[in-house]
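Notes follow the structure.
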Amino acid sequence: MRNPYPSIERLMEIQYRIASRVWKTLQPLPRPPRRAVGLDAAYSRRYGGLAVAALVDTASGRLLDYSVALGEPALEYIPGLLAFREAPLFYTAVQHLREDFDLAIVDGHGISHPRRAGIATHVGLAIGKPTVGVAKKRLHGSEIRVQDPSSCSSHPCVLGYLVDDESRRMAYVVLPSRRTRNPIYVSPGAYIDLGSALQVVLSLLRGTKLPLPTHYADKISKRLARMLDEGAVSPRQLKKGLRRIEDFTGG
DNA sequence: GCGACAG
DNA sequence: ATCTTGTCGC
705 MRNPYPSIER
715 LMEIQYRIAS
725 RVWKTLQPLP
735 RPPRRAVGLD
745 AAYSRRYGGL
755 AVAALVDTAS
765 GRLLDYSVAL
775 GEPALEYIPG
785 LLAFREAPLF
795 YTAVQHLRED
805 FDLAIVDGHG
815 ISHPRRAGIA
825 THVGLAIGKP
835 TVGVAKKRLH
845 GSEIRVQDPS
855 SCSSHPCVLG
865 YLVDDESRRM
875 AYVVLPSRRT
885 RNPIYVSPGA
895 YIDLGSALQV
905 VLSLLRGTKL
915 PLPTHYADKI
925 SKRLARMLDE
935 GAVSPRQLKK
945 GLRRIEDFTG
955 G
């Protein structure tokens with residue numbers, strides 16, 4: 705893949721600038737979101753990256769719609785610089801959604817990032833809406849445990865949080881369900897604070913390892929990527945819009 | 001030099 | 001992220 709980006713050092717500088725911009729937007733959410741979008745990406749050997757934006761009704765938990773974006777990633781995967789690889793696709797997928805929404809959950813970290821500017825933060829500033837980062841692995845910060853998994857009385861269960869080198873709390877560590885062994889990391893992306901981010905995610909964990917929006921985006925992106933490689937669908941069919949929600953809902 | 005290291 | 005079979009459990 706060709707890299708249209710400036711040097712690694714320059715990309716990191718951009719993130720410091722993004723972090724300074726997002727800092728004052730980390731405020732409590734005025735009201736609970738009614739419609740939330742989940743963003744995730746999968747990879748097709750034949751066509752490259754495939755991002756999916758899955759729209760979910762928060763009250764019912766139902767998948768309302770989804771959109772896709774296809775394209776060769778502009779950068780290889782580099783820890784800390786994931787946003788420069790996947791955020792452009794996420795942004796495009798979001799623009800293709802026909803329905804409106806009030807919050808997005810991104811697969812990856814928000815401010816629990818070495819420069820306080822994870823992919824959820826990049827996306828939040830780009831779309832101008834609240835975003836929450838939900839990652840499956842820790843990227844930055846040390847974990848403070850406040851609860852032992854075996855002592856969780858109900859699920860999801862908050863096990864602790866992630867702090868930076870100045871003891872500032874950046875993310876919550878949550879055990880989604882009783883059966884899941886590994887926790888997930890919840891952090892604010894933009895236009896939302898840590899407490900609200902946690903509440904939103906807890907309310908969308910319904911027995912799944914990931915909150916519903918991201919859960920659906922993950923399933924859909926993986927299936928479509930496989931379908932592309934098997935020749936079951938063509939890129940233009942996807943771009944034209946192939947939305948068979950029943951296939952992912954159980955209807 | 002030795003680890004750590006989202007997806 | 002992706003490469004991959006069987007297997008344990010509700």
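Mapping of the first sequence onto my numbering: residues 705 to 955, in sequence order. Heads up, the beta-carbon is just placed ideally off N, CA and C, and yes, glycines get one too. This structure is a prediction, so every number in the text was calculated from the model and none was measured.
First and last residue of the uninterrupted beta strand (DSSP E) at residue i
{"i": "A745", "result": "R739 to S748"}
{"i": "V726", "result": "Taken as a continuous stretch (DSSP letters only), V726 belongs to no beta strand (DSSP E), being part of the alpha helix (DSSP H) at I712 to V726."}
{"i": "V760", "result": "G752 to D761"}
Residue i burial status per 10 Å Cβ neighbour count (16 or more: buried)
{"i": "Y920", "result": "buried"}
{"i": "V850", "result": "exposed"}
{"i": "P783", "result": "exposed"}
{"i": "T994", "result": "The shown model of the chain, from 705 to 955, leaves out residue 994, and the question about it has no answer."}
{"i": "D744", "result": "buried"}
{"i": "D804", "result": "exposed"}
{"i": "R789", "result": "buried"}
{"i": "S891", "result": "buried"}
{"i": "G822", "result": "buried"}
{"i": "P734", "result": "exposed"}
Selection from the options that minimises the alpha carbon distance to residue i
{"i": "D869", "options": "P860, H844 and P892", "result": "H844"}
{"i": "P732", "options": "L942, S907, A797 and A901", "result": "A901"}
{"i": "S816", "options": "Y865, V905, S938 and P777", "result": "Y865"}
{"i": "P710", "options": "G828, R873, R842 and L785", "result": "L785"}
{"i": "G765", "options": "A936, L908, G935 and A929", "result": "L908"}
{"i": "A875", "options": "L932, A758, G814 and G828", "result": "G814"}
{"i": "T884", "options": "R749, R873 and K840", "result": "K840"}
{"i": "S858", "options": "S771, T762, G911 and I949", "result": "G911"}
{"i": "K853", "options": "D933, L879 and S771", "result": "For the record, residue 853 in the displayed sequence is Pro; it is not Lys. Of the candidates D933, L879 and S771, the one whose C-alpha sits nearest the C-alpha of P853 is L879."}
{"i": "K923", "options": "K944, C856, E934 and I949", "result": "I949"}
{"i": "V798", "options": "Y770, G822 and Y781", "result": "Y770"}
{"i": "G753", "options": "L932, T953 and P860", "result": "L932"}
{"i": "A929", "options": "P860, T918, A773 and T762", "result": "A773"}
{"i": "V838", "options": "A791, V810 and R749", "result": "V810"}
{"i": "V937", "options": "R882, R735, R750 and C861", "result": "R750"}
{"i": "V862", "options": "W727, S724, V905 and A757", "result": "V905"}
{"i": "R872", "options": "L768, R714 and W727", "result": "W727"}
{"i": "D806", "options": "N886, G832 and H826", "result": "G832"}
{"i": "A758", "options": "K943, R802 and T918", "result": "T918"}
{"i": "L898", "options": "S881, A787 and V877", "result": "V877"}
{"i": "R739", "options": "A763, S724, I718 and L730", "result": "A763"}
Start and end residues, alpha helix (DSSP H) containing residue i
{"i": "L928", "result": "L916 to E934"}
{"i": "S891", "result": "From DSSP, S891 is part of no alpha helix (DSSP H) but of the beta strand (DSSP E) over I888 to A894."}
{"i": "V877", "result": "First-last for V877: R873 to L879, but that is the beta strand (DSSP E), not the alpha helix (DSSP H)."}
{"i": "G899", "result": "L898 to L908"}
{"i": "T953", "result": "E950 to T953"}
Distance between beta carbons of residue j and residue i, contact taken as under 8 Å
{"i": "I888", "j": "L916", "result": "Not quite, the Cβ-Cβ distance comes to about 13 Å (not below 8 Å), so this is no contact."}
{"i": "G775", "j": "L793", "result": "6 Å"}
{"i": "V760", "j": "A808", "result": "Not really, about 11 Å apart at Cβ, beyond 8 Å."}
{"i": "V867", "j": "I848", "result": "6 Å"}
{"i": "M716", "j": "R842", "result": "About 20 Å separates the two Cβ atoms, so there is no contact after all."}
{"i": "A755", "j": "S925", "result": "7 Å"}
{"i": "G828", "j": "G893", "result": "4 Å"}
{"i": "Y795", "j": "A830", "result": "5 Å"}
{"i": "L767", "j": "F952", "result": "6 Å"}
{"i": "I722", "j": "T825", "result": "6 Å"}
{"i": "S881", "j": "P860", "result": "7 Å"}
Open item on the list: Just to confirm the assignment: which complete alpha helix (DSSP H) runs, minimum length 4, are found wholly within the region 768-825?
Closed with: Runs of the alpha helix (DSSP H) inside the region 768-825: 786-799.
TODO: Counting only runs of 3+ residues fully inside the region 840-865, write out the beta strand (DSSP E) ranges in chain order.
DONE: Qualifying beta strand (DSSP E) stretches, in chain order: 846-849.
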